[in-house]
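Q: Structure in structure tokens, see below.
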Amino acid sequence: MGKLVPQDPNDEPASELLKRIAQEKAQLVKEGKIKKQKSLPPISDEEKPFELPEGWEWSYLSDIGILARGRSKHRPRNDPTLYADGTIPLVQTGDVARSNGCINTYSALYNQLGLSQSKLWNKGTLCITIAANIADSGILNFDACFPDSVVGFTPYENEIPVLYFHYFMMTIKSTLEKFAPSTAQKNINIDILSQLFFPCPPLEEFHRIVDKVQNLLSVCDVLRAYIQSAQQTQLHLADALTDAAIN
Numbered sequence: 001m002g003k004l005v006p007q008d009p010n011d012e013p014a015s016e017l018l019k020r021i022a023q024e025k026a027q028l029v030k031e032g033k034i035k036k037q038k039s040l041p042p043i044s045d046e047e048k049p050f051e052l053p054e055g056w057e058w059s060y061l062s063d064i065g066i067l068a069r070g071r072s073k074h075r076p077r078n079d080p081t082l083y084a085d086g087t088i089p090l091v092q093t094g095d096v097a098r099s100n101g102c103i104n105t106y107s108a109l110y111n112q113l114g115l116s117q118s119k120l121w122n123k124g125t126l127c128i129t130i131a132a133n134i135a136d137s138g139i140l141n142f143d144a145c146f147p148d149s150v151v152g153f154t155p156y157e158n159e160i161p162v163l164y165f166h167y168f169m170m171t172i173k174s175t176l177e178k179f180a181p182s183t184a185q186k187n188i189n190i191d192i193l194s195q196l197f198f199p200c201p202p203l204e205e206f207h208r209i210v211d212k213v214q215n216l217l218s219v220c221d222v223l224r225a226y227i228q229s230a231q232q233t234q235l236h237l238a239d240a241l242t243d244a245a246i247n
């Protein structure tokens, strides 16, 4: 059984959710909206990292949503003609790394020429860094472009909260960093993300877990503020005692 939130035996099992997602993918391929993916082998019992709660299923991350790299074809990338009078946000890896889960800043503004050599991603897309900073993630709070050092992820099922995948990336960041070669600038490729084993919960469980994690993180923020306040008080007390001893 899962330990973070109570399990509900009345939940529709994840296997049914995965069936609907597979049908949605097939329809998108038929309509030419996405390319057909290379089939990945079934996850064997020996490969499964741990036992899942009842109603959950092992899948690949690419089974759950669309993964695609950002785009920035023009060279040099800092060509001023791409940015003059720009109005379209360009998000870089640093913006994602500093986002704390919600991307509210951008590094530059593309104009229409800049947009023509890039791609515009919708608000609500999860951005995942694959170069320089590995596996940092954040959700776009506005439509934006980003380069190929960032991957965009969008669940096929609209009702799945994308915030869940931000939390998922937080849990596996250290694992993904091990895949990055020891070079001056670390990087991983999109295939590593596509082939990630993903423990898929029932749809209702997605929402319960997100709510629980948000509550726990709020408690952590409060505790962090208390600790910082206590540290400041301790410093002031130490200064006061020092002054008293000297005087």
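Note that the sequence shown covers residues 1 to 247 in UniProt numbering.
In this text, a Cβ means the ideal position worked out from N, Cα and C, and glycines have one as well.
1) Need the endpoints of the beta strand (DSSP E) that residue 103 sits in, please.
2) Considering residue 57, what are the terminal residues of the beta strand (DSSP E) in which it resides?
3) Mind checking whether residue 61 and residue 197 have CB atoms under 9 Å apart?
4) Going by DSSP, name the residue or residues bridged to residue 198.
5) Looking only at C-alpha atoms, which of 200, 191, 180 and 48 sits nearest to residue 168?
6) Contact defined as beta carbons within less than 8 Å: I believe residue 67 pairs with residue 157. What is the distance between those atoms, to the nearest angstrom?
7) What residue does the alpha helix (DSSP H) around residue 40 start on, and which one ends it?
8) Would a C-beta distance cut-off of 9 Å place residue 125 and residue 93 closer than the cut-off?
9) By how many angstroms is the C-alpha of residue 88 removed from the C-alpha of residue 115?
10) Look at the Cβ atom of residue 194, then the Cβ atom of residue 138, and state whether they are nearer than 9 Å.
A: This is what the structure holds:
1) 101-103
2) 57-60
3) yes
4) 59
5) 200
6) Going by Cβ atoms, the distance from residue 67 to residue 157 rounds to 15 Å, so no, they are not a contact pair.
7) Neither: residue 40 is in no alpha helix (DSSP H) and is coded neither H nor E.
8) no
9) 8 Å
10) no
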